[in-house]
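2 protein chains.
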Amino acid sequence: MPIDPEAEIEITAYEWVPSFAQGQVRDLRPRWACEEYALPYRVRLVSAVERPAWYYEEQPWGQVPFVRDGDVGVFESGATLIHLAEKGGALPPVGSQERAKVLSWLLAAFNSVEPFVMEFVNCMVFSRKEDWAPLRRPSLATALEGRLKRLETALGDGEWLAGEFSIADIAMVTVLRAIPDPALLTAGLSAYVARGTARPAFQRALEDQIAPFAEHDPRKQKAKAENTAKEGA
Amino acid sequence: MPIDPEAEIEITAYEWVPSFAQGQVRDLRPRWACEEYALPYRVRLVSAVERPAWYYEEQPWGQVPFVRDGDVGVFESGATLIHLAEKGGALPPVGSQERAKVLSWLLAAFNSVEPFVMEFVNCMVFSRKEDWAPLRRPSLATALEGRLKRLETALGDGEWLAGEFSIADIAMVTVLRAIPDPALLTAGLSAYVARGTARPAFQRALEDQIAPFAEHDPRKQKAKAENTAKEGA
Chain P
1 MPIDPEAEIE ITAYEWVPSF AQGQVRDLRP RWACEEYALP YRVRLVSAVE
51 RPAWYYEEQP WGQVPFVRDG DVGVFESGAT LIHLAEKGGA LPPVGSQERA
101 KVLSWLLAAF NSVEPFVMEF VNCMVFSRKE DWAPLRRPSL ATALEGRLKR
151 LETALGDGEW LAGEFSIADI AMVTVLRAIP DPALLTAGLS AYVARGTARP
201 AFQRALEDQI APFAEHDPRK QKAKAENTAK EGA
Chain E
1001 MPIDPEAEIE ITAYEWVPSF AQGQVRDLRP RWACEEYALP YRVRLVSAVE
1051 RPAWYYEEQP WGQVPFVRDG DVGVFESGAT LIHLAEKGGA LPPVGSQERA
1101 KVLSWLLAAF NSVEPFVMEF VNCMVFSRKE DWAPLRRPSL ATALEGRLKR
1151 LETALGDGEW LAGEFSIADI AMVTVLRAIP DPALLTAGLS AYVARGTARP
1201 AFQRALEDQI APFAEHDPRK QKAKAENTAK EGA
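Below you can see the structure in the form of structure tokens.
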């Protein structure tokens, strides 16, 4: 089990997020990589509700994950994946076609697919009550569907994006499973996501992300504080 | 001069794009990297208007750039930057803080800044006549401004994002100069973009991207075809 309080690698995650975000927060990506490559890691929890000011010095947007590995600090989940794959000996050699494929698909997930997914999630979830959201939805769904169709074609009957399972699949599977309307996924991509999320390493990463949320649920914290006050009275 | 018809590296670019896109097409990024690292490259032009069907097999979205380096094919401009930096010996050693910084900022440009810029450009340029565009613009400008303020803070009084000039700056400078409303850039970021675009390597890359557009301008092509027809009559 990669979670180890003495580990050199430390992943910063949120102590609690609302239910719709549970299992979707991006620290899932480096956790998954650590599980795949048997790299022990410890967890540092920060509040998503009141993000500490000092945290912006480590992670410029105040988001998670931030990965510390000894003296080295890495932010942006894509960069943490590259760092962990290199540490785990899981990136093909410099200059090889295999490496180029992994990095091309990794960047594709972050720059050519996720931006459409993020704006679609924004439209369907965060900003759904804004006046522009229902007007924007159809063209955005069309753009996203176009991308997904091209992705399905590129995947073809391959199991993973770059031959063997790689960090490109950690990136793309986590991007695709964030799409709030599963009907947008083609059959081939649904099967691809199912293949990725069936991996034991993904399952452990998911469980470990979710585990602290119950304890840090603000409603539970409030009840606890009230009980303590009552007991003290 | 890195452009060399015999070079091993081949960058695919568009033969012509409309004036608002000239100087902004993403093959600028690997061109700039080749100029910085003195890597000779040749150019293959494809039509942006009628993208050849076979091209999607190399570049899943039919976009540019696609970089071929001997037997190795790379797509996504971020992946081409990593490939070229590794080839040019311009990435710090594996496991170092310097490498982590370059890769973190590279991914930040592609995943945490460019998505806001792309949607803003969409809103202000491509989709400006859509009913949702004027409604979406204010919240999008606010989100983008928030990101830029954080970026300015992170840059501080540093010259470049990761110590020495790196591919992270090639990425971030090209992202920031695509913002169609220069008033959104803070003074510090404007100075940063000016520093980047003043580099001779950038200037050469820009000139070389623009050079073929005059010859392949559809109006000129049409006039030429008419002249040929006239001469033949």
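Taken in sequence, the protein lines are chains P and E.
Taken in order, the first sequence gives residues 1 to 233; the numbers are from this note's numbering.
Taken in order, the second sequence gives residues 1001 to 1233; the numbers are from this note's numbering.
All C-beta atoms in this analysis are idealised placements derived from N, C-alpha and C, irrespective of residue type, glycine included.
Kindly indicate the opening and closing residues of the beta strand (DSSP E) around residue i.
i	result
G1073/E	V1072 to F1075
Y1041/E	Y1041 to V1046
A1013/E	I1009 to Y1014
R68/P	F66 to D69
Please classify residue i as buried or exposed, where buried requires at least 16 neighbouring CB atoms within 10 angstroms.
i	result
L87/P	One point to set straight first is that residue 87/P is Lys, not Leu, in the sequence displayed. When all chains shown are included, K87/P counts as buried.
R1219/E	exposed
A1162/E	buried
R26/P	buried
R29/P	buried
T1080/E	buried
N1227/E	exposed
S19/P	exposed
S47/P	exposed
I166/P	Contrary to the premise, residue 166/P reads as Ser rather than Ile in this sequence. Counting Cβ neighbours within 10 Å, S166/P comes out buried, since at least 16 surround it.
W1237/E	The structure shown has nothing for residue 1237/E, since chain E only spans 1001 to 1233.
D157/P	exposed
E57/P	exposed
V49/P	exposed
E1006/E	exposed
E231/P	exposed
E1159/E	exposed
E1215/E	exposed
V64/P	buried
Report the option in the options whose CA atom is closest to the CA atom of residue i.
i	options	result
E164/P	D181/P, K101/P and P5/P	K101/P
G196/P	Q63/P, A225/P and V173/P	V173/P
G1070/E	A205/P, I210/P and S96/P	S96/P
P1212/E	W1032/E, R1044/E and P1040/E	R1044/E
A90/P	A191/P, T12/P, K149/P and D169/P	D169/P
F1075/E	R1199/E, A1187/E, A1229/E and I1011/E	I1011/E
W1061/E	V113/P, S190/P, E8/P and A133/P	V113/P
Q59/P	P1182/E, R1136/E and W1105/E	W1105/E
R37/P	A143/P, I3/P and A13/P	Note that residue 37/P is Tyr in the sequence shown, not Arg. Closest option to Y37/P, Cα to Cα, is I3/P.
E1130/E	P138/P, F126/P, A171/P and C123/P	P138/P
L206/P	P92/P, Q22/P and A194/P	Q22/P
A178/P	R42/P, G146/P, L151/P and Q24/P	Q24/P
F110/P	R136/P, V94/P, I82/P and D208/P	I82/P
G146/P	W160/P, F116/P, A201/P and G78/P	F116/P
L1140/E	E152/P, A141/P, K230/P and N122/P	N122/P
R1051/E	E1015/E, E1152/E, P1182/E and E1035/E	E1015/E
P180/P	Y192/P, L144/P, D217/P and T153/P	L144/P
F120/P	V72/P, G73/P, V94/P and L176/P	L176/P
Find the residues of chain P that neighbour residue i, judging by a C-beta separation of less than 8 Å, and give them in chain order.
i	result
Q1097/E	D71, V72 and G73
L1135/E	E130, D131, W132 and L135
A1187/E	Chain P residues near A1187/E: none, gap ~18 Å exceeds 8 Å.
P1182/E	The premise fails here: P1182/E is roughly 22 Å from chain P at the closest Cβ pair, so nothing lies under 8 Å.
A1198/E	Near A1198/E there are no residues of chain P at all, since even the closest Cβ is about 25 Å away, more than 8 Å.
Which residues in chain P sit within 7 Å of residue i, going by Cβ to Cβ distance?
i	result
V1094/E	E86
M1118/E	P115
E1076/E	S104, L107, A108, N111 and S112
I1003/E	The contacting residues do not exist; I1003/E stays about 22 Å from chain P at best.
I1082/E	L103
W1054/E	Those do not exist, as W1054/E stays about 13 Å from chain P at its closest Cβ, beyond 7 Å.
A1191/E	In chain order: nothing, as chain P lies at least about 18 Å away.
Span of the alpha helix (DSSP H) holding residue i?
i	result
Q1059/E	It is not in any alpha helix (DSSP H) - Q1059/E carries neither H nor E in the DSSP assignment.
V1125/E	Run containing V1125/E: none; DSSP gives neither H nor E here.
E159/P	Run containing E159/P: none; DSSP gives neither H nor E here.
P5/P	Taken as a continuous stretch (DSSP letters only), P5/P belongs to no alpha helix (DSSP H), as it is neither H nor E.
P30/P	L28 to E36
Y55/P	Segment: none, Y55/P is in no alpha helix (DSSP H) and carries neither H nor E.
I167/P	I167 to L176
Q24/P	No alpha helix (DSSP H) holds Q24/P; DSSP gives it neither H nor E.
V102/P	Q97 to L107
Just to confirm, does residue i get its C-beta within under 8 Å of one of the non-hydrogen atoms of the ligand FAD?
i	result
E1145/E	Among the ligands in the structure shown, none appear at all, so the ligand FAD cannot be discussed.
Please list the partners that residue i has in chain E, where partner means a Cβ-to-Cβ separation under 8 Å.
i	result
I9/P	Chain E residues near I9/P: none, gap ~12 Å exceeds 8 Å.
So which residues on chain P does residue i lean against when the C-beta distance must stay under 9 Å?
i	result
S1139/E	S127, E130 and W132
A1090/E	By Cβ distance, chain P contributes nothing, its closest Cβ being about 12 Å from A1090/E, past 9 Å.
Y1194/E	First, the amino acid is wrong: residue 1194/E is Ala here, not Tyr. Within chain P, no residue comes near A1194/E; the closest Cβ sits about 21 Å away, beyond 9 Å.
For a contact meaning CB atoms closer than 7 Å, what does residue i contact in chain E?
i	result
A48/P	The premise fails here: A48/P is roughly 16 Å from chain E at the closest Cβ pair, so nothing lies under 7 Å.
A178/P	In chain order: nothing, as chain E lies at least about 13 Å away.
P65/P	None at all; the shortest Cβ gap to chain E is about 11 Å.
With a cut-off of 9 Å, does the C-beta of residue i fall near any C-beta of chain A?
i	result
A1229/E	In the structure shown, chain A does not exist; the protein chains are P and E.
Using a Cβ-Cβ cut-off of less than 7 Å, give me the residues of the region 155-175 of chain P that come near chain E, in sequence order.
none
The region 14-43 of chain P: which residues have C-beta closer than 7 Å to a C-beta of chain E, in chain order?
none
Residues of the region 143-154 of chain P with a CB closer than 8 Å to any CB of chain E: list them in chain order, please.
R147, R150, L151, T153 and A154
Counting only Cβ-Cβ distances shorter than 8 Å, please list the residues of the region 201-227 of chain P near chain E, keeping chain order.
none
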